[in-house]
Amino acid sequence: MSSRHLSRSLVLQTLFECDANNSWEWEHAVGILKRNGEDTSHGAADFSFAEELLRGIMEKRAELDAIIIQAAPEWPLEKIAPIDRSVLRIGLFELIFGDKTAVPPKVALNEAIELSKSYGGDTSGKFINGVLASVYRDTGEGK
Numbered sequence: 001m002s003s004r005h006l007s008r009s010l011v012l013q014t015l016f017e018c019d020a021n022n023s024w025e026w027e028h029a030v031g032i033l034k035r036n037g038e039d040t041s042h043g044a045a046d047f048s049f050a051e052e053l054l055r056g057i058m059e060k061r062a063e064l065d066a067i068i069i070q071a072a073p074e075w076p077l078e079k080i081a082p083i084d085r086s087v088l089r090i091g092l093f094e095l096i097f098g099d100k101t102a103v104p105p106k107v108a109l110n111e112a113i114e115l116s117k118s119y120g121g122d123t124s125g126k127f128i129n130g131v132l133a134s135v136y137r138d139t140g141e142g143k
């Protein structure tokens, strides 16, 4: 497993816990990230990448949620499984706001789909793929 993939997994776990506790303060979130990194990655994760990704998602969470609502209108945000919501936030952040030279859009899409297959339910991969592919097409890059 690559260090960035592991980093995304740590961010996913952190976002999931923040969402479950409805606690979105930075100090709380970075504490969770550090704890998760110490517990599971044994130094294999790229912690600076994970911290940067987490910070960006937290700063843009309202915008990301608005994009999710627009891209999946038949699924109210609170009805989307919390793990899928977190995967969508990661994928959308990297797709829309991330450094495309460091993480090309197709890599962002693939990574989010892989996370959903690993951590989500039976239909998570298809749901994540559908939402992210729709947003990617709407950006004009996916045509």
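Residue numbers (the UniProt record's numbering): 1 to 143. For every residue, glycine included, the Cβ atom is placed at its ideal position computed from N, Cα and C.
Proximal residues to residue i (C-beta, below 8 Å), its chain only, five neighbours per side dropped
i	result
Gly125	Ile113, Ser116 and Lys117
residue 146	What is shown of the chain runs 1 to 143, which leaves residue 146 out entirely.
Counted within 10 angstroms of its Cβ, other Cβ atoms place residue i as buried (16 or more) or exposed
i	result
Arg137	exposed
Gln13	buried
Ser7	buried
residue 144	Any answer about residue 144 is impossible in this case: the structure gives the chain only from 1 up to 143.
Ala102	exposed
Gly130	exposed
Glu111	buried
Met1	Only weak support is given to the placement of Met1: the predicted model assigns it a pLDDT of 49, under 50, and the value that follows is read from those uncertain coordinates. Result: exposed.
Same chain, Cβ closer than 7 Å to residue i, five either side skipped, listed in chain order
i	result
Glu25	none
Ile69	Leu77
Under 7 Å between C-beta atoms of residue i and residue j
i	j	result
Leu33	Leu64	no
Leu54	Gly37	no
Asp46	Ser3	yes
Cys71	Ser134	One detail in the question is off: residue 71 reads as Ala in this sequence, not Cys. For Ala71 and Ser134, yes; Cβs fall inside 7 Å.
Leu95	Ala108	yes
Own chain, CB closer than 6 Å to residue i, minus 5 neighbours either side, in chain order
i	result
Ile57	Arg89 and Phe93
Pro104	none
Lys79	none
Tyr119	Ile83
Touch test, the segment 8-22 against the segment 80-91, Cβ-Cβ under 8 Å, three pairs minimum: yes
Uninterrupted alpha helix (DSSP H) stretches inside the UniProt domain "NusB/RsmB/TIM44" (7-137) (no shorter than 4 residues): 26-40, 47-59, 61-71, 82-92 and 105-119
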